[in-house]
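Here is the structure we will look at, set down as structure tokens.
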């Protein structure tokens, strides 16, 4: 059959290249793409030429210049002789810190409050409702101000600090904690902690396989705790306690030594985690309610106790509903952390878009970089949460 | 096909409009019949709004002076309160015609922001405000202390320089607005508040217990404050520059809001030149001959403005100091107006 099928011939003979719907779709898409490309080209080149005409500096060479200003809190060594590029890193780390703390606490608060809603105790279930409705319905900025200006600013001054056993101090400048400093040999203890954690993970795997094979359950929680405590303790005793406490001491104007947690971080973490926690509590409530009551009854009828029902029947099914909601709450939390600027917590937005932008005047580059960072952080959260989502989603065979 | 052409037309039109150059600020201000002026969010003596919504202050008088010179009416100003962080962007983007917001003239700002400083209306310097009960007499005793400071200011750089130079350590707590900085200081979040010295006096008045705080004697940096305009509009730049100079020259020539009317007809040649009855100084700026006369009668000369806003006629009671005329122990000096 060397002659091609008939219908192709007719379609070829009937119309030109442009009458083919497939070709036309391609051409339109190509033209639209060109148009869009041209549009952005015009915007960008226009901005560049306008900025040049007005004598506004552009480019990212400023990142290598000396910053000349100090930052309240930094997780890496930083002083005013470092570069603008370093201020970006300092701000980024502070943003990540408050986001991680916020997400961690918000999840705990959310799950406790969400589950408390179902408590048979009237007081507990009603307090959970009051908590959720209060903190969900007050603007976050107001809550940030509340914690910072109303609560933390009314703490006593450094000299009249509240203290617990002359080791913990709380005053208007922040929370001062003793710092556990490692001496020679402390590495062994850190190693012991690491080994303990690895063996606990191995224990969990082993217990699961054991249960699938024989149906016997090992007391995993108790064993894990025992390993976690005994192993490092043993190492500590063998090495002759290679640690000492560094206590904060009032020297001059402030407490020195130990670990300082600045009030800006406390206020922002509290506000973010309570606000987001209230939303997560609602998500948890929705998730638990989505599991039909019949499931609980069925579980009871095969002899499971309340703890098992929660762990094996309700939570796994509820997680399918909760997980996508958690994703967006976490993302909101990261974005909301930019409210740091209202109380001067040195996050990426305050330091980089605030001070650095102002000192260099390079608004476009700095705003673009910052947008890219928040985009990347949220994409990362999204990817992680999607993996988690896959893990908890219904596996159909 | 029609859709495609429309899209193309929109793109081309958009490109064309965005390419048109900005009209001159002078024509722009004249056609809208008001001046848009960027000021602070509230700083006693410089730019402050009273209960009735009227703005006053040394910075505000620059705006009023420009409005009087250009539009003949000092009240034709719309004020736009800006934080330190917002101010330059507002000017660059054309949201305001002039920025008069206690802004320090630095080389970096002048050369890299696409802006021009049109003169100095107040010579200031960074100072320190501390609580009396701290017992500190000099800034050199502040090793290890915490500072409250406003974000986006040249003070942030000055204070870092100072402590680095003296090999002392300090903590910096930055706030967005001047008011937040003050409440941070009041709550004890920091040991001292640092800012331009003129602002410290203004902030001190706002404290619950003004007598409980003192301004330390040290002045650690040069902070010449003045109005700013966009670069590339020389006609407008000249107008703002000479409005500032006219106010200083007015004091030097002895022209006040009270005697301007008489001097206009019967003054000395220099006074008459300033007030527009001799020569054509106004025309050369593209303004009416009575431009400076309007400034003198509606705003007053520099001395009047100073005493009314920050000097003896105000709660701040700041002395003229280096802000006096050059022949009076200060460094104010207007170029020749002829």
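Residue numbers (the working numbering), protein chains in the order written: chain W, 432 to 828; chain B, 1454 to 1791. All residues carry an ideal CB built from backbone N, CA and C; glycine is no exception. All of these numbers come straight from a predicted model, not from anything done at the bench.
Can you list, in chain order, the residues of its chain whose CB lies under 6 angstroms from that of residue i, leaving out five sequence neighbours each side?
{"i": "residue 816 of chain W", "result": "758"}
{"i": "residue 1744 of chain B", "result": "1522, 1735"}
{"i": "residue 831 of chain W", "result": "Residue 831 of chain W cannot be examined here, being either before or after the span of chain W that is shown, 432 to 828."}
{"i": "residue 607 of chain W", "result": "600, 679, 686, 689, 691"}
{"i": "residue 594 of chain W", "result": "600"}
{"i": "residue 1703 of chain B", "result": "1749, 1754"}
{"i": "residue 1714 of chain B", "result": "none"}
{"i": "residue 605 of chain W", "result": "691, 692, 693, 694"}
For residue i, go through chain W and note every residue whose CB falls closer than 7 angstroms to its CB, in chain order.
{"i": "residue 1626 of chain B", "result": "503, 775"}
{"i": "residue 1538 of chain B", "result": "785, 789"}
{"i": "residue 1617 of chain B", "result": "511"}
{"i": "residue 1613 of chain B", "result": "499, 500, 501, 511"}
{"i": "residue 1609 of chain B", "result": "500, 786"}
Using a cut-off of 9 angstroms between C-beta atoms, extract the partners of residue i located in chain W.
{"i": "residue 1683 of chain B", "result": "485"}
{"i": "residue 1596 of chain B", "result": "683, 684"}
{"i": "residue 1629 of chain B", "result": "772, 773, 774, 775, 781, 785"}
{"i": "residue 1657 of chain B", "result": "Residues of chain W passing the Cβ test: none, with the nearest at roughly 19 angstroms."}
{"i": "residue 1636 of chain B", "result": "580, 584"}
Under 8 angstroms by Cβ, that's how I've got residue i and residue j pegged, so tell me the actual separation to the nearest angstrom.
{"i": "residue 514 of chain W", "j": "residue 496 of chain W", "result": "6 angstroms"}
{"i": "residue 674 of chain W", "j": "residue 617 of chain W", "result": "6 angstroms"}
{"i": "residue 792 of chain W", "j": "residue 1570 of chain B", "result": "The Cβ separation is near 14 angstroms, so there is no contact."}
{"i": "residue 1497 of chain B", "j": "residue 1655 of chain B", "result": "4 angstroms"}
{"i": "residue 1723 of chain B", "j": "residue 1706 of chain B", "result": "5 angstroms"}
{"i": "residue 772 of chain W", "j": "residue 781 of chain W", "result": "5 angstroms"}
{"i": "residue 1682 of chain B", "j": "residue 1775 of chain B", "result": "The pair is not a contact, with the Cβ atoms about 25 angstroms apart (cut-off 8 angstroms)."}
{"i": "residue 529 of chain W", "j": "residue 696 of chain W", "result": "6 angstroms"}
{"i": "residue 654 of chain W", "j": "residue 627 of chain W", "result": "With a Cβ gap of about 11 angstroms, residue 654 of chain W and residue 627 of chain W do not count as contacting."}
Could you tell me the alpha carbon to alpha carbon distance between residue i and residue j, rounded to whole angstroms?
{"i": "residue 1515 of chain B", "j": "residue 1668 of chain B", "result": "27 angstroms"}
{"i": "residue 1522 of chain B", "j": "residue 1699 of chain B", "result": "10 angstroms"}
{"i": "residue 493 of chain W", "j": "residue 516 of chain W", "result": "8 angstroms"}
{"i": "residue 614 of chain W", "j": "residue 651 of chain W", "result": "33 angstroms"}
{"i": "residue 1675 of chain B", "j": "residue 778 of chain W", "result": "30 angstroms"}
{"i": "residue 1721 of chain B", "j": "residue 1777 of chain B", "result": "23 angstroms"}
{"i": "residue 721 of chain W", "j": "residue 762 of chain W", "result": "24 angstroms"}
{"i": "residue 1507 of chain B", "j": "residue 556 of chain W", "result": "53 angstroms"}
{"i": "residue 622 of chain W", "j": "residue 669 of chain W", "result": "13 angstroms"}
{"i": "residue 1544 of chain B", "j": "residue 1489 of chain B", "result": "10 angstroms"}
{"i": "residue 1772 of chain B", "j": "residue 1763 of chain B", "result": "8 angstroms"}
{"i": "residue 462 of chain W", "j": "residue 454 of chain W", "result": "12 angstroms"}
{"i": "residue 1673 of chain B", "j": "residue 1611 of chain B", "result": "7 angstroms"}
{"i": "residue 731 of chain W", "j": "residue 648 of chain W", "result": "19 angstroms"}
{"i": "residue 1614 of chain B", "j": "residue 570 of chain W", "result": "39 angstroms"}
{"i": "residue 1783 of chain B", "j": "residue 1575 of chain B", "result": "11 angstroms"}
{"i": "residue 1456 of chain B", "j": "residue 459 of chain W", "result": "Interpretation of residue 1456 of chain B is limited by its pLDDT of 46, a score under 50 that renders its predicted location unreliable; no figure is taken from the coordinates."}
{"i": "residue 1563 of chain B", "j": "residue 486 of chain W", "result": "10 angstroms"}
For residue i, collect the residues of the same chain with a Cβ closer than 8 angstroms to its Cβ; drop the 5 residues on either side in sequence, then sort them by chain order.
{"i": "residue 766 of chain W", "result": "805, 809"}
{"i": "residue 1626 of chain B", "result": "1599, 1600, 1601, 1602, 1637, 1642, 1643"}
{"i": "residue 609 of chain W", "result": "598, 599, 676, 677, 678, 679, 689, 690"}
{"i": "residue 813 of chain W", "result": "758, 762"}
{"i": "residue 479 of chain W", "result": "489"}
By the criterion of Cβ-Cβ separation under 7 angstroms, what are the contact partners of residue i in chain B?
{"i": "residue 561 of chain W", "result": "The premise fails here: residue 561 of chain W is roughly 29 angstroms from chain B at the closest Cβ pair, so nothing lies under 7 angstroms."}
{"i": "residue 594 of chain W", "result": "Neighbours of residue 594 of chain W on chain B: none; closest Cβ ~16 angstroms, over 7 angstroms."}
{"i": "residue 603 of chain W", "result": "1640, 1641, 1642"}
Could you name the residues of chain B that residue i contacts, counting a contact when the two beta carbons are closer than 9 angstroms?
{"i": "residue 541 of chain W", "result": "Chain B residues near residue 541 of chain W: none, gap ~30 angstroms exceeds 9 angstroms."}
{"i": "residue 811 of chain W", "result": "Those within 9 angstroms of residue 811 of chain W in chain B number zero; the least Cβ separation is about 28 angstroms."}
{"i": "residue 488 of chain W", "result": "1564, 1565, 1566, 1567"}
What does residue i reach in chain W if we use C-beta pairs closer than 8 angstroms?
{"i": "residue 1541 of chain B", "result": "789, 792"}
{"i": "residue 1671 of chain B", "result": "Per Cβ cutoff of 8 angstroms: no residues; residue 1671 of chain B is ~17 angstroms from chain W at best."}
{"i": "residue 1648 of chain B", "result": "Near residue 1648 of chain B there are no residues of chain W at all, since even the closest Cβ is about 14 angstroms away, more than 8 angstroms."}
Which residues in the same chain have their Cβ closer than 7 angstroms to the Cβ of residue i, if we skip the five residues on either side of it in sequence?
{"i": "residue 1474 of chain B", "result": "For residue 1474 of chain B, the predicted structure reports a pLDDT of 45, less than 50, and the residue's modelled location is therefore unreliable. A value from the coordinates is still provided. Once the five neighbours on either side are set aside, residue 1474 of chain B has no close Cβ partner at all."}
{"i": "residue 512 of chain W", "result": "497"}
{"i": "residue 1558 of chain B", "result": "1570, 1573, 1677, 1679"}
{"i": "residue 1607 of chain B", "result": "1557, 1559, 1676"}
Practice problem: Identify every run of the alpha helix (DSSP H) within the segment 524-584 of chain W, keeping only runs that are complete inside it and at least 4 residues long; order them along the chain. | Solution: 553-567, 571-576
Quiz item: What runs of the beta strand (DSSP E), each 3 residues or longer, lie entirely inside the segment 1642-1725 of chain B?
Solution: 1645-1649, 1666-1668, 1676-1678, 1681-1683
Self-check item: Complete beta strand (DSSP E) runs within the segment 1481-1514 of chain B (minimum length 3 residues, chain order)
Solution: 1488-1492
Self-check item: Length at least 3, wholly inside the segment 687-741 of chain W: the beta strand (DSSP E) runs in chain order
Solution: 690-692
Self-check item: alpha helix (DSSP H) runs wholly inside the segment 444-520 of chain W, at least 4 long, in chain order
Solution: Entirely contained in the segment 444-520 of chain W, the alpha helix (DSSP H) runs reaching 4 residues are, in chain order, 452-484.
Quiz item: Can you give, in chain order, each stretch of the alpha helix (DSSP H) that sits fully within the segment 574-660 of chain W and has at least 4 residues?
Solution: 617-645
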